[in-house]
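Novice: Mind looking over this structure? Questions follow.
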Amino acid sequence: ELKRQEQSQRLAAIGQLASGVAHDFNNLLMVITGSLQLIGKRTDDPALVRPLKNAQDAADRGAALTRQLLDFARAGPVDLESVDLAALLPSLSGLLGQTLGPAITLVIDIDPAAATVTSNAAQLELALINLAVNARDAMPDGGTLTIAARPARQPGGIDLTVRDTGQGMPPAVAERAMEPFFTTKGVGKGTGLGLAQVFGIVSRSGGSVSIDSTEGVGTTITMTLPAA
Ligand code: ADP
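Using UniProt numbering, the first residue of the sequence shown is number 305, and each one after it goes up by one.
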């Protein structure tokens, strides 16, 4: 419980910091992008083509990161609603399949007795997409992603689980995986905000998130949500 509180406070602090900085940062990036485009148009030095492209790519990457930070910071209180997982998942499966690519099999397994949760449909979709991206990254040679819903052990809860057959995490990584900005994916690849965002979304729905991961076997993320 203490850890949960700490994590929520940390998220709120980062949200404030992010909204304060991201907006100004974005304006600076616009200046950089505009200037690069002008230089690109006015120069015919072939030795500058590559460095200009690198600079533009870095600015684009910065813009994408600020966008993600702003989304993250904006994620204040959400409108809670009844979400029918039996309807949401089939409608999301096309996008999830596209995210996963052809080498990963997507299995959706919703228990009709555990199909309606209290959350926010758009946010829950975002959480599932984040989890699918992580699962894809953990299964470079393909595998299976299973999204299932079952009654939770505690009455009144529903476990929405996302399970992959990927590389798994060592305990030290699993321990820190939900921390904002914690990533093992390297500069320019991961932002470390995916699982923090999942945590935020599920917390705001009144639920909790747990990670069960075994190296070389796979990872199961369980989102326990209130039944509607
Ligand atoms: P990012 O994906 O940008 O690194 P996340 O917060 O989504 O940020 O994940 C943090 C870290 O947790 C990842 O860098 C990775 O090491 C680990 N992780 C998350 N999901 C999985 C998974 N399904 N399998 C293995 N490792 C994972």
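Glycine included, every Cβ here is placed at the ideal spot set by N, Cα and C.
If you're wondering where the values come from, they're calculated on a predicted model, not measured in any experiment.
In angstroms with no decimal places, state the Cα-to-Cα distance between Gly366 and Leu399.
Specialist: Each residue's alpha carbon lies about 25 Å from the other.
Novice: Less than 8 Å between C-beta atoms, sequence neighbours within five positions excluded: which residues of the same chain meet that for Val502?
Specialist: Contacts found: Ala431, Asn434, Leu435, Met482, Val513, Ile525 and Met527.
Novice: Using a Cβ-Cβ cut-off of 7 Å (strictly less than) and excluding sequence neighbours within five positions of Val521, which residues of its own chain qualify?
Specialist: Within the same chain, Val521 has close Cβ partners Gly472.
Novice: Which one of Asp468, Ser509 and Gln360 has the shortest CA to CA distance from Asp387?
Specialist: Residue identity check: residue 387 is Val in the sequence provided, not Asp. Comparing Cα positions, the closest option is Ser509.
Novice: What residue range does the beta strand (DSSP E) around Leu464 cover?
Specialist: Leu464 -> beta strand (DSSP E) spans Gly461 to Asp468.
Novice: Below 6 Å, is the gap between the Cβ of Leu499 and the nearest heavy atom of the ligand ADP?
Specialist: Yes - the ligand ADP has a heavy atom lying nearer than 6 Å to the Cβ of Leu499.
Novice: Is it true that the CB of Ala317 sits closer than 7 Å to the CB of Val421?
Specialist: Cβ atoms of Val421 and Ala317: not closer than 7 Å.
Novice: How far does the beta strand (DSSP E) with Arg454 in it extend, from its first residue to its last?
Specialist: Note, Arg454: beta strand (DSSP E), Gly447 to Pro455.
Novice: Output the boundary residues of the alpha helix (DSSP H) element that contains Gly504.
Specialist: Unbroken alpha helix (DSSP H) run through Gly504: Gly498 to Arg508.
Novice: Taking 6 Å as the cut-off, is the C-beta of Asn424 nearer than that to any heavy atom in the ligand ADP?
Specialist: For the ligand ADP, not one heavy atom lies less than 6 Å from the Cβ of Asn424.
Novice: With H, G and I counted as helix, E and B as strand and the rest as coil, what does DSSP make of Val521?
Specialist: Looking at Val521 - three-state DSSP - the assignment turns out to be coil, as it is neither helix nor strand.
Novice: What is the rounded straight-line gap between the Cα of Ser339 and the Cα of Lys357?
Specialist: Ser339 and Lys357: Cα-Cα distance of roughly 13 Å.
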